[in-house]
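In this note's numbering, the protein residues as written are -18 to 224.
For reference, the structure discussed in these notes is given below.
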Ligand code: ZN
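As structure tokens, then:
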């Protein structure tokens, strides 16, 4: 059975539930940060992740909700949503977030942004990816933060990375021992690659294979909740278009 790797759920419980149902039986769930922020159900998402025993790293939105980041580093809508989230976290949710690491390194490395700068760096190009291979040891590092599914490998030719690492839904990748990999599952709760469906990745460490998946969820239901909470319009509008 595979390991389910998700990122950037962003308090979108409907999207998370759709992914859990679509992924089927898995041995573990890894969540690469930004479980909260933007979306309307931060506490419920954290409760659900704990219920299924998910392993989570903290991202910039967890740190913002905990007051560890200056909200001046966020754009207006993101800052407003971060304040909204911070005000609504239950003591139990806050305690859970306080205990999250920013990375682990065992079967694979897991971070939110990049192994070089786990909270903030965006890996959006082959050049940034190549610079990050020196910052972890094993064969595989899973990362999120960009909300765009992607794959980079060491010693890749220019042609292999001509689209800046982007991968398509349903794409499979055999992980060769001759390479090392940086792999992004895309975003569950706020995709930004033009496809509004929730994105996730299944990793089979025995077969040395990953596959990227997409699943539709009830976007309108999440939008209704966001409007009811008076979250900034741009945040619910973008869910329809995946931007
Ligand atoms: Zn995010």
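Each residue gets a CB set at the ideal place from its N, CA and C atoms; glycine is no exception.
Top-ranked residue by Cα proximity to residue i, from the options
{"i": "residue 15", "options": "136, 160, -12, 82", "result": "-12"}
{"i": "residue 0", "options": "178, 212, 206, 42", "result": "178"}
{"i": "residue 115", "options": "136, 131, 152", "result": "136"}
{"i": "residue 2", "options": "196, 221, 204", "result": "196"}
{"i": "residue -2", "options": "29, 21, 215, -14", "result": "29"}
{"i": "residue 133", "options": "82, 86, 191, 217", "result": "191"}
{"i": "residue 48", "options": "33, 21, 24, 79", "result": "79"}
{"i": "residue 83", "options": "13, 201, 175", "result": "13"}
{"i": "residue 4", "options": "-14, -6, 21, 18", "result": "-14"}
{"i": "residue 164", "options": "148, 51, 43, 201", "result": "148"}
{"i": "residue 73", "options": "24, 215, 180, -6", "result": "24"}
{"i": "residue 127", "options": "201, 32, 44, 110", "result": "110"}
{"i": "residue 19", "options": "64, 34, 31, -18", "result": "64"}
{"i": "residue 204", "options": "119, -18, 86, 21", "result": "21"}
{"i": "residue -18", "options": "186, 220, 214", "result": "186"}
{"i": "residue 146", "options": "152, 155, 130", "result": "130"}
{"i": "residue -6", "options": "96, 198, 81, 151", "result": "198"}
{"i": "residue 172", "options": "50, 54, 155, 221", "result": "221"}
{"i": "residue 184", "options": "174, 154, 201, 176", "result": "154"}
{"i": "residue 224", "options": "200, 174, 193", "result": "174"}
Proximity test, residue i beta-carbon vs the ligand ZN heavy atom, cut-off 7 Å
{"i": "residue 40", "result": "yes"}
{"i": "residue -11", "result": "yes"}
{"i": "residue 98", "result": "no"}
{"i": "residue 174", "result": "no"}
{"i": "residue 128", "result": "yes"}
{"i": "residue 3", "result": "no"}
{"i": "residue 86", "result": "no"}
{"i": "residue 15", "result": "yes"}
Contact belief for residue i with residue j at Cβ below 8 Å, rounded distance in angstroms
{"i": "residue 41", "j": "residue 104", "result": "That belief does not hold up - the Cβ atoms of residue 41 and residue 104 are roughly 14 Å apart, past 8 Å."}
{"i": "residue 38", "j": "residue -8", "result": "Going by Cβ atoms, the distance from residue 38 to residue -8 rounds to 16 Å, so no, they are not a contact pair."}
{"i": "residue 236", "j": "residue -10", "result": "This structure does not reach residue 236, given that the chain is present from -18 up to 224, and the question cannot be answered."}
heavy atom of the ligand GDP below 7 Å from residue i C-beta
{"i": "residue -6", "result": "In the structure on display, the ligand GDP does not appear, and the ligands it does have are the ligand ZN."}
Closer than 8 Å is the cut-off here; do at least three beta carbon pairs connect the stretch 117 to 135 with the stretch 85 to 102? yes
For the stretch 49 to 59 against the stretch 0 to 16, do three or more pairs of beta-carbon atoms, one drawn from each stretch, fall closer than 8 Å, so that the two count as touching? no
Unbroken stretches of the alpha helix (DSSP H), 4 residues or longer, contained in the stretch 164 to 218: DSSP runs (the alpha helix (DSSP H)) wholly in the stretch 164 to 218: 200 to 209.
Run through the stretch 54 to 109 for me and flag every whole alpha helix (DSSP H) of 4 or more residues, listed as ranges in chain order. Taken in chain order, the complete alpha helix (DSSP H) segments of 4 or more residues contained in the stretch 54 to 109 are 57 to 69, 72 to 79.
With three or more beta-carbon pairs closer than 8 Å as the criterion, would you say the stretch 197 to 216 touches the stretch 158 to 166? no
Taking only runs of the beta strand (DSSP E) that begin and end inside the stretch 8 to 34, which ones reach a length of at least 3 residues, in chain order? 9 to 12
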